[in-house]
Amino acid sequence: RASNEQVIWIEGNHDKGYRPEESGNIQFVDSYALDKRLYIVHGDEFVGIKMFRNALFLKTFKLFHNLRILFGANPVHVADYAKKFHVLYDFLRRKIMNCAVEYGHEKNFKAVACGHGHFAEDTIHEGIRYINLGAWTEATNHCLLVNEEKMELITIENAMQDSEWFTTELSYNEAEMVK
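Heads up: the sequence shown begins at 50 in my numbering, then just goes up one per residue.
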């Protein structure tokens, strides 16, 4: 696309303080909405469990992570480490989905998209479409392509090969930022 087009960057829990000095047309926001059709947010606010915001928990987690590395384990992303504990990870994924869907109901959105769970999925839950884009740190990267007719969760590789998505001009005049 042309370099003068606007790019919306939805900031997540690890993005604060990491904005590039030259950001051009990138607009940094906490969330974004396309009418009542789609609400887009990072998703960390949907966890709803205070232990992950607790300083003692974070310090303890980092200590164990550093000990693993000290004893020869490779450094891993927190999400990769959490995925080793399937029951806990599935609980957290469901918690994010349930909170996102609840927010969608409260604000009358038809769909809610986020990525905090690091697990790409697209499902209808309690009448609200829930889309998690996964994460850029995962082996298979996904994106959510949206035009006036449809929304599609697709791998980046497939998106780049699909000329339909890169020839369609979007005309969301009513898109609004949500603060």
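Glycine included, each C-beta is placed from N, C-alpha and C at the ideal position. Fair warning: this is a prediction, and the values are worked out from it, not measured in the lab.
Among the options, the one whose alpha carbon lies nearest that of residue i
i      : options                        : result
GLU198 : GLU60, MET146, LEU87, SER80    : LEU87
ASP84  : GLY183, VAL161, ASN181, HIS167 : VAL161
HIS167 : ASN62, ILE118, ILE57, TRP58    : ASN62
ASN147 : VAL96, HIS114, ARG68, HIS126   : VAL96
PHE158 : VAL90, GLY183, CYS192, HIS126  : VAL90
THR270 : ASP129, ILE57, LYS144          : Since the first and last residues shown for the chain are 50 and 228, residue 270 lies out of range.
ILE59  : VAL150, CYS192, GLU201         : CYS192
ARG143 : SER72, ASN123, GLU175          : GLU175
Burial state of residue i, where buried means 16 or more other Cβ atoms lie within 10 Å
i      : result
ASN74  : exposed
ILE173 : exposed
ASP64  : exposed
VAL150 : buried
In DSSP terms, what residue i is bridged to
i      : result
ILE145 : DSSP lists no partner for ILE145.
VAL56  : ILE75
Length of the line joining the Cα atoms of residue i and residue j
i      : j      : result
LEU194 : TYR179 : 14 Å
MET100 : GLU155 : Interpretation of MET100 is limited by its pLDDT of 48, a score under 50 that renders its predicted location unreliable; no figure is taken from the coordinates.
ALA131 : ASN196 : 34 Å
TYR152 : ALA82  : 13 Å
GLN210 : ILE203 : 11 Å
VAL227 : PHE120 : Because the pLDDT of VAL227 is 43, which lies under 50, any placement of that residue in the model is unreliable, and the question is left without a value.
ALA208 : ARG117 : 38 Å
GLU206 : ASP171 : 18 Å
HIS114 : ILE177 : 37 Å
HIS165 : ALA184 : 7 Å
LEU141 : CYS163 : 14 Å
TYR67  : PHE110 : 22 Å
ASN181 : GLU70  : 29 Å
GLY92  : ASP79  : 10 Å
LYS108 : HIS126 : 16 Å
Note down, one range per segment and in chain order, each alpha helix (DSSP H) of at least 4 residues found wholly within the segment 145 to 206. none
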